[in-house]
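>
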Amino acid sequence: MTTALALISCFLISLFLTPLVKKLAFKIGATDQPNHRKVHKGAMARIGGVSVYAAFLAGLLILQPENAYMPYILVAGTIIILTGFLDDLTELSAKWKLLGQIAAAVIVVAGGVQVEFINLPFDGRLELGWFSIPITLLWIIGITNAINLIDGLDGLAAGVSSIVLATISVLAIIQGDIFIVALGIALLGGTLGFLVHNFNPAKIFMGDTGALFLGFMIGVISLLGFKNVTIFSLVVPVIILAVPISDTFFAIIRRVVNKQPLAAPDKSHLHHCLLRLGYSHRQTVLIIYALSAFFGLSAVIFTISTLWVSLVIMMMLLIGIELMAERIGLVSHSYRPMLKLVNKFSNTPKRP
């Protein structure tokens, strides 16, 4: 009952606070101007993440989760919010944005949020030792930027984040992890309330204030929620976050292939590719929502399946992601190794 109250309260707080945040954004000049890489035509307020953050804090006050990690998460989350807010206001350099992310990640790692081991099949366990800290930092910073990278269309990052948070919350309920349920529900309610104003046609953007905060919190929550899963512990959050992770992964491949800097912006992300295929703005967002929901459902099935079923699911998802990337030209239109292999076998003449 308290969980439902928190979800509704966070939703309503974010819903009614967002228009006020929009007015504040125009007053202080935190707006996003149109350019050749943007799909919007006029200036847009871009600190919508403030309402998500405020609703999240309200949810924590209602649920009052008790955990040793909580103070570190709150301090780190505040650093991320400030980093995103300053970027939306003054456009920080990539160096300063990364520094803010590293500082926040270091704080939660110092508080004990670490991937110390990875559970493997047949009761195996891989101890990470000294690699624990860099792997944890890489995961948190990587997911933070992955969510930020998909924030390219109205409602896209907020919707995908909502689906991810809903999946994490459901799995946490199944596992009886009250702390992760509290974090997930508080963040989900705030994100859904903001999404009402952010869905196409958007009245406000979440900006880096919201995208960095959501990405950071999802990175932390996913680590805490699934590090003890019996089979392939780190695979579960990877499946849940397959859409932003695969988009980021293929962006790196694309830039390496095209000999571009890894931080170079382009218009070849998943949503750009779908738009080029002729889908409308809203259709593209809904397709990516559907993909996220599919991966979320796959993660739930994965966690309750036997070892061999889990292996089959994992292989099918990897093949499916690769085929989709090649089909829509996520790396380049000439990058089609698996499709060429399929065509080669399908065109092989049969012996009489």
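Under our numbering, the sequence shown has 611 at position 104, and the numbering climbs by one with no breaks. Even for Gly, the Cβ is constructed at its ideal location relative to N, Cα and C.
Closer than 8 Å is the cut-off here; do at least three beta carbon pairs connect the segment 675 to 694 with the segment 526 to 543?
Contact fails: fewer than three Cβ-Cβ distances are below 8 Å.
> Quick check on this structure: which residue in Val727, Leu846, Glu598 has the alpha carbon closest to the alpha carbon of Ile614?
Working through the sequence shown from its first residue, we reach residue 614 at position 107. Ranking the options by Cα distance to Ile614, first place goes to Val727.
> Please confirm whether Asn707 and His788 have their CB atoms less than 7 Å apart.
Working through the sequence shown from its first residue, we reach residue 707 at position 200. Working through the sequence shown from its first residue, we reach residue 788 at position 281. Yes; because the gap between Cβ atoms is below 7 Å, this pair is in contact.
> Specify the secondary structure class of Asn655 as computed by DSSP and reduced to three states.
Counting from 1 along the sequence shown, the entry for residue 655 is found at position 148. Here Asn655 sits in helix by DSSP.
> Is it true that the CB of Leu721 sits closer than 7 Å to the CB of Ser676?
Taking the sequence shown and counting its residues from 1, one reaches residue 676 at position 169. Taking the sequence shown and counting its residues from 1, one reaches residue 721 at position 214. No, Cβ-Cβ distance for Ser676 and Leu721 is not below 7 Å.
> Give me the Cα-Cα distance between Ile828 and Ser753, rounded to the nearest whole angstrom.
The sequence position of residue 828 within the sequence shown is 321, counting from 1. The sequence position of residue 753 within the sequence shown is 246, counting from 1. About 8 Å.
> For the candidate residues Phe757, Leu524, Glu573, Ile580, whose alpha-carbon lies nearest to that of Gly619?
Here the question's residue 619 lines up with position 112 in the sequence shown. Cα-wise, what sits closest to Gly619 is Ile580.
> Report yes if the C-beta distance between Ile622 and Ile642 is below 7 Å; otherwise report no.
Position 115 of the sequence shown, counting from 1, holds the residue named residue 622. Position 135 of the sequence shown, counting from 1, holds the residue named residue 642. In the sequence on display, residue 622 carries Val and not Ile. The answer is yes: Cβ separation under 7 Å.
> What three-state label does DSSP hand Gly631 in the structure shown?
Taking the first residue of the sequence shown as 1, we reach residue 631 at position 124. Three-state result, Gly631: strand.
> Tell me, which residues are paired with Ile862 by DSSP?
A query on residue 862 cannot be resolved here, the shown segment of the chain reaching from 508 to 859 and no further.
> Measure the alpha-carbon distance for Arg553 versus Ala532 and round it to whole angstroms.
Numbered from 1 along the sequence shown, position 46 holds the residue referred to as residue 553. Numbered from 1 along the sequence shown, position 25 holds the residue referred to as residue 532. Spanning the two alpha carbons is a distance of roughly 7 Å.
> Of the residues Ala550, Gly732, Leu731, Val671, which one's Cα is nearest the Cα of Leu798?
Taking the first residue of the sequence shown as position 1, residue 798 is located at position 291. Leu798 has its Cα closest to that of Val671, out of Ala550, Gly732, Leu731, Val671.
> Straight-line CA distance for Gly536 to Glu598?
Position 29 of the sequence shown holds residue 536. Position 91 of the sequence shown holds residue 598. Computed Cα separation, rounded: 11 Å.
> Near Ile882, what residues of its chain come up, given a Cβ to Cβ distance below 7 Å and the 5 sequence neighbours on each side ignored?
The first residue shown for the chain is 508 and the last is 859, placing residue 882 beyond what the model contains.
> Shortest alpha-carbon distance to Val838 belongs to which of Ile760, Val582, Ala800?
Taking the first residue of the sequence shown as position 1, residue 838 is located at position 331. Closest by alpha carbon: Ile760.
> Going by C-alpha to C-alpha distance, which of Lys774, Leu699, Val807 sits closest to Gly555?
The sequence position of residue 555 within the sequence shown is 48, counting from 1. Closest by alpha carbon: Leu699.
> With a cut-off of 8 Å, do at least 3 Cβ pairs link the segment 808 to 825 to the segment 755 to 774?
The segment 808 to 825 vs the segment 755 to 774: no contact.
> Identify the continuous alpha helix (DSSP H) that holds Gln682 and give its terminal residues.
Within the sequence shown, numbered from 1, the residue matching residue 682 stands at position 175. Gln682 -> alpha helix (DSSP H) spans 663 to 682.
> Taking the alpha helix (DSSP H) that Ala770 belongs to, which residues open and close that run?
Numbered from its first residue, the sequence shown carries residue 770 at position 263. That residue, Ala770, is in no alpha helix (DSSP H); it is neither H nor E in DSSP.
> Going along the chain, which residues of its own chain have a beta-carbon closer than 7 Å to the beta-carbon of Leu769, five neighbours each way excluded?
In the sequence shown, the residue the question calls residue 769 occupies position 262. Contacts found: Ile759, Arg762.
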